[in-house]
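Structure record follows, encoded as structure tokens.
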Amino acid sequence: MALIAVSVTYLAYCFYQYSLNVAAPQVAADLNGMALFSWAISIPALASALATLIFGKLSDMYGRRNVMIASLSFFLLGSVLSAMSQDFVFNIAARFILALGQGALAPLIFSVLGDLFDPAERSKWSGLLAIPAGITAFIAPTLVGMVADSLSWRYFFWLLALTAIISGAFVLIGVPSLKQRSEHKIDFLGAVLLTFASATTIVGFSWAGTTYPWGSIQIIGTLGIAIVGWGLFLWTESQAAEPMLDLQVLTNRTFITAALAALMSFFGLMGITAYYPLFLQGVQNASATLSGQMITPFSVLMSFMGVPAGFLLAKTKRYKWMYVIGYAILTVAMFGMMTFGVDTPIWLGVLVTALAGLGLGTIPTINTLVAQFAVPRRLLGAATGAIFFFVMMGMAIAPAILGSAMNASYASALQNALPAELQKSADPATLSAIGDPRVLLSPQAMTTLKESFARQGAQGSALFDQTVVAIRSALEASLKTVYLIGAVTMLLSFLMILTIPEISM
Numbered sequence: 000m001a002l003i004a005v006s007v008t009y010l011a012y013c014f015y016q017y018s019l020n021v022a023a024p025q026v027a028a029d030l031n032g033m034a035l036f037s038w039a040i041s042i043p044a045l046a047s048a049l050a051t052l053i054f055g056k057l058s059d060m061y062g063r064r065n066v067m068i069a070s071l072s073f074f075l076l077g078s079v080l081s082a083m084s085q086d087f088v089f090n091i092a093a094r095f096i097l098a099l100g101q102g103a104l105a106p107l108i109f110s111v112l113g114d115l116f117d118p119a120e121r122s123k124w125s126g127l128l129a130i131p132a133g134i135t136a137f138i139a140p141t142l143v144g145m146v147a148d149s150l151s152w153r154y155f156f157w158l159l160a161l162t163a164i165i166s167g168a169f170v171l172i173g174v175p176s177l178k179q180r181s182e183h184k185i186d187f188l189g190a191v192l193l194t195f196a197s198a199t200t201i202v203g204f205s206w207a208g209t210t211y212p213w214g215s216i217q218i219i220g221t222l223g224i225a226i227v228g229w230g231l232f233l234w235t236e237s238q239a240a241e242p243m244l245d246l247q248v249l250t251n252r253t254f255i256t257a258a259l260a261a262l263m264s265f266f267g268l269m270g271i272t273a274y275y276p277l278f279l280q281g282v283q284n285a286s287a288t289l290s291g292q293m294i295t296p297f298s299v300l301m302s303f304m305g306v307p308a309g310f311l312l313a314k315t316k317r318y319k320w321m322y323v324i325g326y327a328i329l330t331v332a333m334f335g336m337m338t339f340g341v342d343t344p345i346w347l348g349v350l351v352t353a354l355a356g357l358g359l360g361t362i363p364t365i366n367t368l369v370a371q372f373a374v375p376r377r378l379l380g381a382a383t384g385a386i387f388f389f390v391m392m393g394m395a396i397a398p399a400i401l402g403s404a405m406n407a408s409y410a411s412a413l414q415n416a417l418p419a420e421l422q423k424s425a426d427p428a429t430l431s432a433i434g435d436p437r438v439l440l441s442p443q444a445m446t447t448l449k450e451s452f453a454r455q456g457a458q459g460s461a462l463f464d465q466t467v468v469a470i471r472s473a474l475e476a477s478l479k480t481v482y483l484i485g486a487v488t489m490l491l492s493f494l495m496i497l498t499i500p501e502i503s504m
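Here's what the structure looks like:
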């Protein structure tokens, strides 16, 4: 029953993970939030990062089942609020609550398996969790794309709420409490400092290059405060009776190498998971349904590769060779995406992203198991949460930096691509609309823009067509910048993982 419960809950976790980015461009376009697109990724990712670490530690203290129910409650509340949101800022806040619950689920699920099985057996069952993940990856992107195209993106969040309710029922029935019978002291100061340090890091990177220049006193000051926050957090953890993050985890070379490589690699992967659907729908004018279908092979391979990875780990008790091959494939795929353009054929996009899914597929399973092998059993939940924390921090920082690079590159490319006569004759409202690539994703915004051009007379129609081409060209150039940064960070991850020690299972 515990295996059934964690499988159902992991399916709910993956449904959100694999589907959100298909619906996200339409959410941003419908709620006029394209300017905050990177924030809509960073802020929920920050919530997930905090939840993985804090809830992982709490599950060591108060039992997996209790903390899983709390996580699913946040998941449910955030889903309902997201479905009901009427502006983009409220939607981001609702997704923050949703991510607090959803982000904690994966480390809790793998911690339950760690409670139930010894390391070799744990490898097999961790790998088999790829089956519900693979089923979700096969169905969810296309399903959500169809729902967003034919109904509304709001129905996606109502479906999420339903999965949270079903998962909660199975967890109550199937997951053993295994609560430790001793008094515990919650590390409140550590939790506060962790939240402060993480938040100031994300805000600093999010402001850099957009709200303020990179070298401004505001950015340097914010990031400096973040560094002080991290220093205070580590000092507090070294003094705490039951630290939120035991320093024995961070001083383990195997763990920290895997964690830092995961942070950088998932930074790079945001180019696929968050920005490739934007490329398909904005640059190549694909529907949400088609973009969901094109991303499906990536999601399916990423999920199902965990099955052979788990069995190979259980049999060979060696993991470094799988790490090296996986990161090498990912690096090649990310550099391949730099060649994508408006005329890139569908088959090539599917091939390159599927290759990335093949390389990525083994890594989450290995990351989780290596984190558990590397530390004493009493730190199992904290270590599992910590490896997911590093992943989520990579995903939280990435949009801030990638979004800043994309916006700067878009503005520059658009300035060069727009017809000269448009820059002379267009009114401020039209120029403002053109400066936001959401116009490519919102039929309503496109209609409004076309009407403004029609008022210019006979030449307006031709000028409108040239302008749309210029906007697509500028968005394509800006996304190539995103893919370049992602490819470089993936290469650094590969070089780092070459140095990881191989410890005994």
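Going by numbering that gives the first Met the number 0, 300 is the number at position 301 of the sequence shown; the sequence numbering is gapless.
Here a beta-carbon is modelled for each residue, glycine too, at the ideal position from N, C-alpha and C.
Source: prediction; values computed, not measured.
Item: A207 - partner residues in DSSP beta bridges; Value: Y211
Item: Collapsed DSSP secondary structure at V467 in the structure displayed; Value: helix
Item: Cβ separation of W152 and A258, assumed to be a contact under 8 Å, to the nearest whole Å; Value: At roughly 34 Å, the Cβ-Cβ gap does not stay under 8 Å, so W152 and A258 are not in contact.
Item: Where G220 falls, given that 16 or more other Cβ within 10 Å makes a residue buried; Value: exposed
Item: Close Cβ partners of S237 (< 8 Å) along its chain, the five nearest in sequence each way excluded; Value: L246
Item: Integer Cβ distance of P24 from Q280, believed to fall under 8 Å; Value: 5 Å
Item: Close Cβ partners of P398 (< 7 Å) along its chain, the five nearest in sequence each way excluded; Value: S37, I40, S41, M269, A273
Item: CA-to-CA distance, L57 to V191, given in whole angstroms; Value: 15 Å
Item: For T364, the nearest candidate out of N251, Y322, I396 (CA to CA); Value: Y322
Item: Inter-residue Cα distance where the pair is S506 and A240; Value: In the structure as shown, the chain begins at 0 and stops at 504. Residue 506 is therefore absent and cannot be evaluated.
Item: Chain-order list of residues whose beta-carbon lies under 6 Å from that of V481 (same chain, five-residue window excluded); Value: G270, Y274, L401, M405
Item: Buried or exposed (CB count within 10 angstroms, at least 16 for buried), W213; Value: exposed
Item: Boundaries of the alpha helix (DSSP H) in which N90 is found, first to last residue; Value: 87 to 115
Item: Length of the line joining the Cα atoms of R94 and P43; Value: 6 Å
Item: G230, buried or exposed, once every other Cβ within 10 Å from all chains shown has been counted against 16; Value: exposed
Item: Close beta carbons around T253, own chain, < 6 Å, minus the five adjacent residues each side; Value: A373, P500, I502
Item: Euclidean distance between Cα positions of T141 and W320; Value: 34 Å
Item: Spatial neighbours of W157 in its chain, beta-carbon cut-off 6 Å, leaving aside the 5 residues before and after; Value: A82
Item: Under 8 Å between C-beta atoms of A105 and M392; Value: no
Item: 7 Å CB neighbourhood of V508 in its chain, flanking five on each side removed; Value: The requested residue 508 does not occur in the structure, where the chain is confined to residues 0 to 504.
Item: DSSP-derived helix/strand/coil call for Q16; Value: helix
Item: Residues near L354 by beta carbon distance below 8 Å, same chain, minus five either side; Value: I328, V331, A332, G335
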